[in-house]
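Engineer: One structure, as structure tokens, below. Some questions next.
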Amino acid sequence: MQVLIDGTYYDKEHAKISVFDHGLLYGDGIFEGIRIYNGRVFELEDHIERLYMSAQAIALEVPIDRVAMFEATLETVRRNELRDGYIRLVVTRGEGDLGLNPVKCPKSSYFIITSTIQLYPPEAYEKGLTVITCSTRRNSPQCINGSVKSLNYLTNILGALELRGTGANEGIVLNQDGWVAECTADNLFFVKGGKVFTPHPITGALRGISRGVVIKLCREQLSIPVEEGLYTLYDIYNADELFLTGTGAEAAPIVEADRRKIGDGTPGPVTRRIIKAFRDYAATSGAPVWPE
Ligand code: PXG
30 MQVLIDGTYY DKEHAKISVF DHGLLYGDGI FEGIRIYNGR VFELEDHIER LYMSAQAIAL
90 EVPIDRVAMF EATLETVRRN ELRDGYIRLV VTRGEGDLGL NPVKCPKSSY FIITSTIQLY
150 PPEAYEKGLT VITCSTRRNS PQCINGSVKS LNYLTNILGA LELRGTGANE GIVLNQDGWV
210 AECTADNLFF VKGGKVFTPH PITGALRGIS RGVVIKLCRE QLSIPVEEGL YTLYDIYNAD
270 ELFLTGTGAE AAPIVEADRR KIGDGTPGPV TRRIIKAFRD YAATSGAPVW PE
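To convert, note that position 6 of the sequence shown is 35 in this note's numbering; the numbers rise steadily by one, no gaps.
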């Protein structure tokens, strides 16, 4: 596996960054996780746009521009001869001293890693997932805005740790006011009365790329109305259907939340339509890695 670091390719075992990099010392950096489907990079422009918006929000200068990042991503996939897989783009504040002052980091760094991807087993999409609510709350947008996909993932990790030993596949994360925000690494949706609902980013939810695709497909292709708003666990428990979205999970049904059966306890018809539309879209859209 070849990894691109600041314009140079390295074999996996030689792909190293400094222990003085503030991405490591302070989580001072940003990232993207992107899927490759059948030789096409899924929603690459949107991922790159989100990367640069995260950078702008934390006053981080990405060493190369959007067009160069787009090309570098495709080239890294080409070199690794991947037709299906996962890409991680990372930008860090770069090397500094042991003080946290970012001004002392003269040059930010970027790297691009590719990998195969760990997915939920196919049964999960047939039977549906189980979720519980985490006690760890989403960061307040007055601290780190949830729209910034930063290297500070500790609150998500604390949430994920709560799942250990529970049998749950994902955790619902509330914000500090008790509104449902999202999951530890996925966005959350529910269906009620034929309409689709998902927490507004104001809750601290990430503006997920898969979330955006589902909203677009519902509105433009499936004629399903979508509302972004403020919802409580009461809305989740009383939903007809529940599902999550994320780069790894795509769209995946949830059939149990906090030991309450959702709907009839099986993946619902609206969720199934959305999963199918998502898969069809993923198979046919995206930036081609190789000339066609
Ligand atoms: N919310 C959070 C907090 C995320 O980190 C999503 C939602 C889904 O967004 P996208 O853009 O992927 O539709 C994410 C992204 C992993 C992993 O290895 C997953 C994410 C991030 C980092 C690692 O499973 N999910």
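Where is the CB? At the ideal position from N, CA and C, for every residue including glycine.
From a predicted model like this one, the values you see are computed outputs, not experimental measurements.
#1: I need the DSSP call for N198, collapsed to helix, strand or coil.
#2: Identify the residues that DSSP records as bridge partners of D50: which are they?
#3: Name the DSSP bridge partner or partners of D75?
#4: Can I303 be considered in contact with the ligand PXG, in the sense that its beta carbon sits closer than 7 Å to one or more heavy atoms?
#5: Give a yes or no on whether the C-beta atoms belonging to V177 and I59 are separated by under 8 Å.
#6: Give a yes or no on whether the C-beta atoms belonging to Y139 and D35 are separated by under 8 Å.
#7: Using the three-state DSSP reduction, which class does A86 fall into: helix, strand or coil?
#8: Just to check my reading of the structure: T105 and L33 have Cβ atoms closer than 8 Å, yes? What is that Cβ distance to the nearest angstrom?
#9: Bridge partners for G114 per DSSP, in chain order?
#10: Determine the closest residue to V311 out of K290, P320, G277 and V284, with distance taken between C-alpha atoms.
#11: Determine whether the beta carbon atoms of I141 and I161 lie at a separation below 8 Å.
#12: Return the CA-CA distance between L111 and S144, expressed in angstroms with no decimal places.
#13: So, is I201 buried or exposed, given that buried needs 16 or more other C-beta atoms within 10 angstroms?
#14: Using C-beta distances below 7 Å, list every residue in its chain close to S164, excluding the 5 sequence neighbours before and after it, in chain order.
#15: Once DSSP output is grouped into helix, strand and coil, what is the label at P170?
#16: Just reading off the alpha helix (DSSP H) that P228 is part of, what are its end residues?
#17: Within the present structure, is the beta-carbon of T276 separated from the nearest heavy atom of the ligand PXG by less than 7 Å?
#18: Along the chain, where does the beta strand (DSSP E) that runs through A214 open and close?
Structural biologist: On the basis of the data shown:
#1: Residue numbering aside, residue 198 sits at position 169 when the sequence shown is read from its first letter. In the structure shown, N198 sits in coil (DSSP, three-state: anything other than H, G, I, E or B).
#2: By one-based count along the sequence shown, residue 50 stands at place 21. For D50, which the question treats as bridged, DSSP gives the partners E124.
#3: Counting from 1 along the sequence shown, the entry for residue 75 is found at position 46. Answer is none; D75 lacks a bridge partner.
#4: As a first step, residue 303 is located in the sequence shown; it is residue number 274 there, counting from the start. No, since every heavy atom of the ligand PXG falls outside the 7 Å radius drawn around the Cβ of I303.
#5: The residue labelled residue 177 in the question sits at position 148 within the sequence shown. The residue labelled residue 59 in the question sits at position 30 within the sequence shown. For V177 and I59, yes; Cβs fall inside 8 Å.
#6: One-based indexing of the sequence shown puts residue 139 at position 110. One-based indexing of the sequence shown puts residue 35 at position 6. Their beta carbons are under 8 Å apart, which means Y139 touches D35 by this criterion.
#7: The sequence position of residue 86 within the sequence shown is 57, counting from 1. Of the three classes helix, strand and coil, the one that applies to A86 here is helix, per DSSP.
#8: To locate residue 105, count along the sequence shown from 1; it is residue 76. To locate residue 33, count along the sequence shown from 1; it is residue 4. At roughly 5 Å, the Cβ-Cβ gap stays under 8 Å, so T105 and L33 are in contact.
#9: In the sequence shown, counting from the first residue as 1, residue 114 sits at position 85. Beta-bridge pairing links G114 to I65.
#10: Taking the sequence shown and counting its residues from 1, one reaches residue 311 at position 282. Here the sequence assigns Ala to residue 311, which means Val is not the residue at that position. Nearest C-alpha to A311: G277.
#11: The sequence position of residue 141 within the sequence shown is 112, counting from 1. The sequence position of residue 161 within the sequence shown is 132, counting from 1. In this structure, I161 does not lie closer than 8 Å to I141 by Cβ.
#12: As a position in the sequence shown, residue 111 is number 82, starting the count at 1. As a position in the sequence shown, residue 144 is number 115, starting the count at 1. Between L111 and S144, the C-alpha separation is close to 8 Å.
#13: Reading the sequence shown from its first residue, position 172 is the one you call residue 201. Buried, because 16 or more other Cβ atoms sit within 10 Å of the Cβ of I201.
#14: For the purposes of this step, residue 164 is identified with residue 135 of the sequence shown, where counting begins at 1. Taken in chain order, the residues that qualify are E191.
#15: The residue labelled residue 170 in the question sits at position 141 within the sequence shown. Three-state DSSP puts P170 in coil, outside helix and strand.
#16: Indexing the sequence shown from 1 puts residue 228 at position 199. Counting along the chain, P228 falls outside any alpha helix (DSSP H), though it belongs to the beta strand (DSSP E) covering K224 to P228.
#17: Taking the sequence shown and counting its residues from 1, one reaches residue 276 at position 247. At least one heavy atom of the ligand PXG lies closer than 7 Å to the C-beta of T276.
#18: Along the sequence shown, one-based indexing puts residue 214 at 185. No beta strand (DSSP E) holds A214; DSSP gives it neither H nor E.
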